[in-house]
Amino acid sequence: MTIAMRNALTGIKFVFLGLLAAAMLFPVVLTATNSFMSEDEIGRHYEALGGGDSAEAGKHAAIRLIPEQVSLSQFGEVLLKRPKFLLHFWNSVKLTLPIILGQAAVGTLAGFAFAKLAFPGRDKLFFVYLLTMLMPFQVTLVPNYLVADKLGLLNHYGAIVLPGIFASFGVFLMRQFMSGIPDAYLEAAKIDGAGYLRAFLHIVLPLARPGVAALILLSFVDNWNMVEQPILFLAETVRQPLSVYLANIAEGARGVAFAASVLYMTPVVFLFLYGEEHLVEGIQMSGIKG
Amino acid sequence: MQRRKQALRWLIGFFFLGLLALTFLSNTIQGLSLPKVSVDKPDTGGLDLTVTGEGFLEPGQTAQLYPEGDWKVERVLKSKNDRVKRGDPLVTFDTSSTERTLQDERTRYEQQKLQLDKMADQLKTMLREGDPVGIDNQKRDIEMQQLDMQVQERKIADLQKLIAEGGTLKSPVDGVVTAVNASEGASAGRGQPVVEVADDSSGYQFSITADGDDASMLRIGDAVKVQLDEEPRRTVEGSISEIEDAAEAESGNKRITFDVLDAALKPGLKASVHIVNQSKSFGMQIPKDVLEQDNEGYFVYTVSEKDGPLGTAYYVSKTYITVKDENGDTVVADGLMPDESYVTESSEPIGDGDRVRY
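Protein sequence lines correspond, in order, to chains A and B.
With the numbering used here, letter number 81 in the first sequence gets 81, and the count goes up by one each step, no holes.
With the numbering used here, letter number 343 in the second sequence gets 1343, and the count goes up by one each step, no holes.
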């Protein structure tokens, strides 16, 4: 393979991946740019998508990336005139935060046990635990509902938070990550007189920091975006998180949907950028690759 | 890398703090764009029907005194508004013309007496001569003469009485002189009263005009307190004697007449009444100016609260009411709860279901 061929190949790869990335990013960019359009402009561009009569066959939405006039009115509308948006935003926070914290606690402790403690039936138990992860949400939906009903948790955040905390993914991720930590470290700690708790807190946990960070990020994205559980478990609309509310905000006022979406994405984007290197590192070291 | 993280940390912090601040301010921001209303709670009870007014006392009955003869007024003893007692002299007349007539009549009586004496003498002569026909005639003539003289006597007595009594016009009643139509020296005509005296015993009256709705609870015969504009002010008992439509009938106003029976009253005295009645209908008292009307009737806007996601929100809704009674500015109505607040004022026009602040 000559250098020229290699260069050409790199070029082709670059172009191909660039196009792919552009395609992936396009909706995000579109949402971001459209959030600066005025209500009017949005209405005109997306007339064809509106419900009912205006949705004529063969008519497509006019996709524009550059606003005719940059306007913050959508943001103003969402943040100032629709206190419901804020309410649902905090609902999301209220749902997501306990799940993340709980999952981090449960995941690290259980992961430590599964990775570093030898007890009979450990691997079998872990396999059973994994089974729940392999099943899609829809499969466990009915049992989940019945259990929540029995516990009197329906229409209560507990119905979402508790299963979220004990989700097997966190345990799985932490176990994989901690398996990568050499047993020698623990043995050394043991020789120096450290018990399990000390070993966990002072040896394993600091070493597993990237993994915990990755878990928090993934869990945040996962739970920030959940839609099915709230719809299923929370009857009152005022308790619904932003993810559910977002689907309804566009009713009658299409314009604000973009701004609301941008605001909705913001925490996720910020957190991702913040923990980007941990995420990559964490996932790499846990052995879950590609 | 570290700087980027630092910046991101700040951004995340700002984002959440910003949303937190907006959440904190959300009700305030919302409130600024909502119409502001003032509310009031209705009072329970009947309607206060207040009748207030003042008028001037007029006598219920006036004695009109005429002169007994065509005399000149000698002296006027009382003037208008003087209080008089029964028997008080009011006016004296110059009765000299009547006295002259009396003397003439007396003279005529004397003449008739002389004539009678003369006829008696003639009768004596006839008895002596024995003329039976002449005697009978003469007896009858004497009798007639005696009758004439009796008539003349009565005439004189009448005249004497006239002079004695008519010479001084006396008040027949306790009361107040309301009119004097006499000047000293001028003759008083027979056709018109010389003096008018308001009769205390007949009482006094005054009238006021009141709103028909307000007056609806008044009944003829109701006792009322009447304030008299005197120094010192005093209050006397009165009663309603008449309720009739006021002159300008279309206004719905009523003219109410009160009787006041009390000693020491004067015509023209200012009298006022303030009567407060409770209407029979019982309900919520609502000022008239908050009432609105549409096809379905009268309604007021009431405020209800709903516990919204971010605190309590207030909404107005139409509440239809049944007007049971009304006076000048208030109605009594059904259809409202005692603790329901109704809107008295709003900064902008409001409609059914609008969210408001207050």
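Idealized CB from N, CA, C, for every residue including glycine.
Since the model is a prediction, treat every value here as computed from it, not as a measurement.
Nearest to residue i by alpha carbon, out of the options?
i: B/E1296; options: B/T1322, B/M1149, B/E1153 and B/V1276; result: B/T1322
i: A/L162; options: A/P98, A/I216 and A/L205; result: A/P98
i: A/A105; options: A/L153, A/L141, A/G164 and A/W224; result: A/G164
i: A/S243; options: A/G255, A/Q229 and A/A235; result: A/Q229
i: B/L1008; options: A/L273, A/G111, A/A235 and A/E281; result: A/L273
i: A/G102; options: A/G180, A/L153 and A/F169; result: A/F169
i: B/I1240; options: B/D1211, B/S1207 and B/A1247; result: B/S1207
i: B/D1325; options: B/D1294, B/T1312, B/G1283 and B/R1355; result: B/G1283
i: A/L125; options: A/H88, A/F172 and A/S92; result: A/F172
i: B/T1092; options: B/Q1006, B/Y1066, B/L1116 and B/K1280; result: B/Y1066
i: A/W224; options: A/A23, A/N91 and A/A62; result: A/N91
i: B/K1280; options: B/K1005, B/L1047 and B/K1170; result: B/L1047
i: B/T1319; options: B/A1333, B/L1102, B/D1117 and B/Y1358; result: B/A1333
i: B/V1194; options: B/L1261, B/V1276, B/T1028 and B/S1079; result: B/S1079
i: B/P1172; options: B/L1017, B/A1063 and B/I1286; result: B/A1063
Step through the CB atoms of chain B and report whether any lies within less than 8 Å of the CB of residue i.
i: A/G52; result: Residue confidence is low: A/G52 scores 47 on pLDDT, short of 50, so the model does not pin down where it sits. Its coordinate-derived value is still stated next. Not one chain B Cβ lies under 8 Å of A/G52.
i: A/P267; result: yes
i: A/Y274; result: yes
i: A/A220; result: The identity of residue 220 of chain A in the sequence shown is Phe, whereas the question assumes Ala. Cβ-Cβ to chain B under 8 Å: no for A/F220.
i: A/F114; result: no
i: A/F292; result: The first residue shown for chain A is 1 and the last is 290, placing residue 292 of chain A beyond what the model contains.
i: A/F258; result: no
i: A/F177; result: no
i: A/F14; result: no
i: A/F119; result: no
i: A/K289; result: Low per-residue confidence applies at A/K289: pLDDT is 42, beneath 50, and the placement is therefore not dependable, though the value from the model is reported in the following sentence. Not an interface residue.
i: A/F36; result: no
i: A/F270; result: yes
Can you name the start and end residues of the beta strand (DSSP E) that residue i belongs to?
i: B/H1274; result: K1270 to Q1278
i: B/M1284; result: G1283 to P1287
i: B/S1241; result: R1234 to D1245
i: B/V1176; result: G1175 to V1180
i: B/G1053; result: D1048 to F1056
i: B/E1074; result: K1072 to V1076
i: A/F85; result: A/F85 -> not in any beta strand (DSSP E); alpha helix (DSSP H) instead, spanning P83 to K116.
i: B/F1206; result: Y1204 to A1210
Residue i CB to nearest chain A CB: under 8 Å?
i: B/K1005; result: yes
i: B/T1023; result: yes
i: B/T1330; result: no
i: B/S1341; result: no
Would you mind reading off the limits of the alpha helix (DSSP H) that contains residue i?
i: B/L1034; result: Note, B/L1034: premise wrong, no alpha helix (DSSP H); not H, not E.
i: B/T1322; result: First-last for B/T1322: T1322 to E1326, but that is the beta strand (DSSP E), not the alpha helix (DSSP H).
i: A/D40; result: E39 to H45
i: B/K1118; result: S1096 to E1129
i: B/L1228; result: Unbroken run through B/L1228 is the beta strand (DSSP E), A1223 to L1228; no alpha helix (DSSP H).
i: A/Q229; result: E228 to F233
i: B/Q1160; result: P1132 to K1161
i: A/R254; result: R254 to Y274
i: A/A159; result: G158 to I165
Considering only heavy atoms of the ligand HEM, does any lie closer than 7 Å to the CB of residue i?
i: A/L101; result: The ligand content of the structure shown is nil, which means the ligand HEM is not present either.
| message | Does the contact criterion of 3 or more C-beta pairs under 8 Å hold for the stretch 1055 to 1073 of chain B versus the stretch 1199 to 1218 of chain B? | response | Verdict: yes, contact present.
* Hey, is the stretch 260 to 268 of chain A in contact with the stretch 192 to 203 of chain A, meaning 3+ C-beta pairs nearer than 8 Å? -> No, the stretch 260 to 268 of chain A is not in contact with the stretch 192 to 203 of chain A.
Using a Cβ distance threshold of 8 Å, determine whether the stretch 1339 to 1346 of chain B contacts the stretch 1039 to 1046 of chain B, with at least three qualifying pairs required. Contact holds: three or more Cβ-Cβ distances are below 8 Å.
(message) For the stretch 1024 to 1054 of chain B, list every residue whose C-beta sits within 9 Å of some C-beta in chain A, in sequence order.
(response) Cβ contacts with chain A: L1025, S1026, N1027, I1029, Q1030 and S1033.
- Task: Return the residues of the stretch 1006 to 1021 of chain B that lie within a Cβ-Cβ distance of less than 9 Å from chain A, sorted by chain order.
- Result: Against chain A - using a Cβ distance shorter than 9 Å - the residues of the stretch 1006 to 1021 of chain B are L1008, R1009, L1011, I1012, F1015, F1016, G1018, L1019 and L1020.
Task: Cβ-based contacts, 7 Å cut-off: residues of the stretch 86 to 111 of chain A near chain B - done: For the stretch 86 to 111 of chain A, the beta-carbon criterion of a distance under 7 Å to any beta-carbon of chain B is satisfied by L86, L87, F89 and W90.
Under 8 Å, CB to CB, which of the residues in the stretch 62 to 87 of chain A have a partner in chain B?
Of all residues in the stretch 62 to 87 of chain A, those with a C-beta nearer than 8 Å to a C-beta of chain B are L79, L80, K81, P83, K84, L86 and L87, reading in chain order.
- Message: Any C-beta of chain B within less than 8 Å: which residues of the stretch 144 to 172 of chain A qualify?
- Response: Residues passing the 8 Å Cβ filter: none.
Can at least three beta-carbon pairs, one atom from the stretch 1097 to 1111 of chain B and one from the stretch 1284 to 1302 of chain B, be found at a separation below 8 Å?
With the cut-off at 8 Å, the stretch 1097 to 1111 of chain B and the stretch 1284 to 1302 of chain B do not touch.
Are the stretch 23 to 37 of chain A and the stretch 68 to 83 of chain A in contact at 8 Å, needing three or more beta carbon pairs? Contact holds: three or more Cβ-Cβ distances are below 8 Å.
(Q) With a threshold of 8 Å, are at least 3 pairs of Cβ atoms found where one atom belongs to the stretch 275 to 284 of chain A and the other to the stretch 201 to 219 of chain A? (A) Here the stretch 275 to 284 of chain A lies against the stretch 201 to 219 of chain A, with 3 or more beta-carbon pairs under 8 Å apart.
Next on the checklist: If contact is defined by three or more beta carbon pairs under 8 Å, each pair taking one atom from either stretch, is the stretch 1221 to 1239 of chain B in contact with the stretch 1270 to 1283 of chain B?
Outcome noted: The answer is yes - the stretch 1221 to 1239 of chain B touches the stretch 1270 to 1283 of chain B, with three or more Cβ pairs under 8 Å.
- Item | Cβ contact check for the stretch 1180 to 1197 of chain B and the stretch 1067 to 1082 of chain B: 3 or more pairs under 8 Å | Yes, they touch.
- [ ] Decide if the stretch 1164 to 1184 of chain B is in contact with the stretch 1210 to 1227 of chain B; the criterion is three or more beta carbon pairs, one per stretch, under 8 Å apart.
- [x] Short answer: they don't touch.
- Check whether the stretch 77 to 90 of chain A touches the stretch 136 to 147 of chain A, taking contact to mean three or more Cβ pairs, one atom from each stretch, closer than 8 Å. The answer is no - the stretch 136 to 147 of chain A does not touch the stretch 77 to 90 of chain A, with fewer than three Cβ pairs under 8 Å.
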